[in-house]
Each structure stands twice: as structure tokens, then as C-alpha cells.
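Below is one structure; the comments refer to it alone.
2 protein chains.
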Amino acid sequence: MAYRKTPAELSRLEAVRERLITCATEVVAEVGWAGASVSAVADAAGIAAGSVYQHFPSKAALAVEVFRRAAGREVEVLGEVLQGAGDPVGRLTRGVDVFARRALENRGLAYALLAAPAEPAVGAERLAFRRRYRTLFAEVVREGTAAGLLPPQNAEITAAALTGAIGEVLVEPLGAADEQLPQSDGRATRALLADLTAAALRCAGAPCAERPTH
Amino acid sequence: MAYRKTPAELSRLEAVRERLITCATEVVAEVGWAGASVSAVADAAGIAAGSVYQHFPSKAALAVEVFRRAAGREVEVLGEVLQGAGDPVGRLTRGVDVFARRALENRGLAYALLAAPAEPAVGAERLAFRRRYRTLFAEVVREGTAAGLLPPQNAEITAAALTGAIGEVLVEPLGAADEQLPQSDGRATRALLADLTAAALRCAGAPCAERPTH
DNA sequence: ATAAAGTCTGAATGCTGGTTCACTTCTTGC
DNA sequence: GCAAGAAGTGAACCAGCATTCAGACTTTAT
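As given, the protein sequences belong to chains A and B, one line each in that order.
Position one of the first sequence corresponds to residue 1 (the UniProt record's numbering), numbered consecutively onward.
Position one of the second sequence corresponds to residue 1 (the UniProt record's numbering), numbered consecutively onward.
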């Protein structure tokens, strides 16, 4: 024998793979799934198109991995907030706020994760992750009702409604990603976040925290 | 001159065009936008693929027309309910109910309109129609607050949240279109509708109509 | 009947973008 | 230094599908 992958070589390959994923994520954040062709991604990562297939069996597989990584981070963050300390209603408030804030801070990627047209494989992944968001929200809602802070309700439905509501409210500002980004923490954004969390709380039936809009 | 389109001929062409749109809608409802190739649609309408181009300049144009017709009907129905007689909260309730019910009665089409992957042109149209739903909901919400039936809130945001919530709640049951359709008015569906309208009312801040879940 | 002007057809064309592959360029172990 | 075996390259390949087009068939008006 005259060649065996040395540990160093192995980790170099791993690094290339990671770099590929990172660059692909950036490309997707910038031009969406539609514009993220294999060659565009390979270019961004500084390798040849053919080399992509050294790391992934297909473009779809790479796309799915990109999606999982990015969406996984969001699920994790959201989960930490929602399952953290404090009363359920407070956690829900903060969860919505954090989720929306993160989306607005990384619009391109958020849009890709939430709404941008994508190939079927990514679409399926999107569904799966939405279900995870739902599960997280549903748990908090259940805790809220158990604690008597929220009225009785179908937690799963409320969770779905929350997921959809947040997504829909964000799509508009995210879609306009290119226009003069209105400062991720400008006046308008603050108002948006306030109104969104208010709507979310109402949706879960939290007694109006009375933060009248504007 | 030796040929001029006679009125009869003209209306025949118009009829073919209509038939094409109808058949295309059916195909889309059955196999989604992805599966609705020009030849599949032409086959369904009983004409040759090339003849499609006698009536539409491109596949995208046909797709957009299909979307507009179908979505337009929904907007119209929803508008009629939301702008009808009665107090705003009641209208909102009925609007959500009617919307969801119609979607569940024509799952394939509803899924295509709401969520199925589609070419960019259709995606754009989808955005436009979502905006119209929002506008309709926003108006009712505004009326509700004006009448003192709903707490002060950002009606636009609430409307977006409502649109998103309804869509998200429906996507799951709609996506499973092929599985044993659980009777459009079975027990499960009734519960779903009740929970959905309840969530929607809470979202708008309507004082709990106290219809405890299930 | 016939010419002019359409409409219809469906196979051929062309484009787009993922995937392959013969070849070049490393890396490894002796 | 060298042979074995990878990894890297990018142009060629290929599949799917919208779109076109030359020829066949219809309708209209004389």
C-alpha cells in the first residue's frame, strides 16, 4: 500500500467540507436558493464545480445540509429561550422577540430559511423545522395554561398559529432585504417587534400586557 | 381579403382558452405546479403542447392566470364575508371559518395557492394575494377596534399574523392531501376549525368567546 | 372551387444547470 | 525518488422541459 488518509489530510478534507457549507450558506443568503448553482457555490468556496461532489453526493444534499445547519441554530436558540427560566408568558415574549430580531439581523438567510423558493428537498426540510418550532411553542403554551397564565386552548394549533404569524409578519421586511435596510434596531424595527410580540401574546391568550401600539 | 375571424370563431377560441385554464387548474390541484408541465396541461385540455402558445405567450403567463383566477375567487369570497353585515368580530370569525373550510374542501388547489413550490412568477403573485388578504383582515380589525370590540393594536401586523396563522395551521392537513382525507366535515375537522377560529380571535384580541377547546 | 389567412400539431430545437469523467496534481509510505 | 492511490479540475455530457416551426388541416370570402 502506498497511500492512506493521514489524520492531517482527513481534517483538511473536513475543513474543506465545512468551508463549502459556510460559503454555500453565504451564497444562499445573498442570492437565494434559486441563484445558488453548484458552480456559483464552488466558485465562492474557491474550488471547482466537480469537487463539490467529493463532499456531497448531490446538490440537494448540500442544500439540505446548509438548511439544517442554519435552521438548527435558530431552533437551538429559540429552544434555549423558551425552555429557560422565568414564567411561561415571559419566555414566550422573549422567544418571539429573539426569533424576530435574529431574523432581521440576518435577513438574507432568514428569508431563505422561511420563505424563499427552494427545491423540493429543502422544502421538506423546511416543513420538518417548522414542526420543531411548533413543538417548542406548544410546550410553552401548555406550561402557560397549566400555570393558569393562559386560557385553555389547543396548544398545537396555537403553536402553529404563532409560527405562521411570525413568519408572515417577517416576510415583508425580509423580502425587501436589498432596500435601504432600516437599521436593524431603528425606530420602525422596534415598533415592529413590539407589535409582533403583542400579537403573539394575544394569540396565546395572554391577558393584554397593555402596551398600546405606537 | 379572404379570412377574418368570425364572431363564432372568436368565441370558440375564447372557449378553448377558458378550457385550458380550467384544465390547468385541475392539473395543478392534482400534481402541484412542479408536475404541471406544458405537455401535461395540454394533454389534459386535449390539445397539442404547441397550441398552448396560441393562447398564452409562455407557461409562466398561463400559470399566473391560473393562480389569479383561483386566488381571486378566494379573495372575493373572503371579502364578501369580512365586509358583510354584522359586528366585526362575528365577521372575522366567519371569515376565518369560511376560508379554512373552503381550503379543506379543495385541498389540492388550496395547497397550490398557499404553499406548494412554484416558479418565481407564481411566487410573486402569491405575495400579492397575501397582501390582499392582509388588507381585508386589517380593515375588519380596524373596525373592531373602532367599535371598541377589540383592543388597540397595529391592524396591519395583526392582519399579517392572521394570514400566516391560518396558512400555517392549514398547511399540515392540506399537505397530507392524499392520505385518507378525514372527511371535510368530520369530527377532527370540526375541532380544527373551532381551535383555529379561537386562535384567530385571540390573536385579534377578542375577549375570549370561551369556547374551550374540544 | 379557390386563394388567403388562420389554427393545430408534435417532433425538433435550445437552454439551463446538475452530474460525470479523463486527466492532472497532490500525498503517502517505502 | 517512486509507485499507488486520492483529491482536484473543468470541459463535455445529459436530462428535463419550455419553446419554436414547417407542414397539415380549417375556415372565410369571393
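Beta carbons are placed, not taken as given, at the ideal position from N, Cα and C, and that holds for glycine.
All values reported here derive from a predicted model rather than from experimental measurement.
- The Cβ atoms of G205/A and A116/A do not sit closer than 8 Å to each other.
- Residue T158/B holds the alpha-carbon nearest to the alpha-carbon of G144/B among T158/B, L78/B and Y133/B.
- Burial check for D185/A: the Cβ neighbour count within 10 Å stays below 16, so the residue is exposed.
- Within 10 angstroms of the beta-carbon of G167/B lie 16 or more other beta-carbons, which makes it buried.
- In this structure, T189/A keeps its C-beta atom at 8 Å or more from the C-beta atom of L109/A.
- Chain-ordered, the chain B residues with CB closer than 7 Å to the CB of G123/A read P117.
- Membership of S39/B in the alpha helix (DSSP H) is indicated by the continuous run V38 to A45.
- Ranking T197/B, P151/B and G95/B by CA distance to the CA of Q153/A puts T197/B first.
- Judged by their CB atoms, L92/A and A200/A are nearer to each other than the 8 Å cut-off.
- The Cβ-Cβ distance between V169/B and A160/A falls below 8 Å.
- At a cut-off of 8 Å between C-beta atoms, A199/B counts as an interface residue with respect to chain A.
- With respect to the 8 Å criterion, A138/B and A165/B are not classified as neighbours on the basis of their beta carbons.
- Against chain B, a Cβ distance below 8 Å from L78/A picks out nothing, because the smallest value is about 16 Å.
- In the DSSP assignment, F129/A falls within the unbroken alpha helix (DSSP H) covering P120 to A146.
- The C-beta distance from V81/A to E125/A rounds to 22 Å, too long to fall under 8 Å, and the pair is not in contact.
- The three-state reading of DSSP puts K5/A in coil, since its state is none of H, G, I, E or B.
- Of the candidates L113/B, P120/B and A194/B, the residue whose Cα lies closest to the Cα of R69/B is L113/B.
- When C-beta distances to chain B are compared with 8 Å, every residue of the stretch 75-101 of chain A stays at or above that value.
- The contact set of T6/B on chain A, defined by CB atoms closer than 7 Å, is empty, because the minimum CB distance reaches about 44 Å.
- At a beta-carbon threshold of 7 Å, the residues of chain A lying near T158/B are A199, ordered along the chain.
- The shortest C-alpha to C-alpha distance from V98/B to any of S58/B, A194/B, L127/B and R130/B is the one to A194/B.
- Beyond the five residues adjoining it in sequence on each side, A36/B comes within less than 8 Å, by CB distance, of A24, V27, V28 and A63 in the same chain, given in chain order.
- When C-alpha distances from V16/A are compared across A2/A, A34/A, A48/A and Y3/A, the shortest belongs to A48/A.
- Here L13/B is not near V52/B, since their CB atoms are 8 Å or more apart.
- Contact annotation: P207/A and A147/A have beta-carbon atoms that are not nearer than 8 Å.
- By the C-beta density criterion, A71/B is buried, having at least 16 other C-beta atoms within 10 angstroms.
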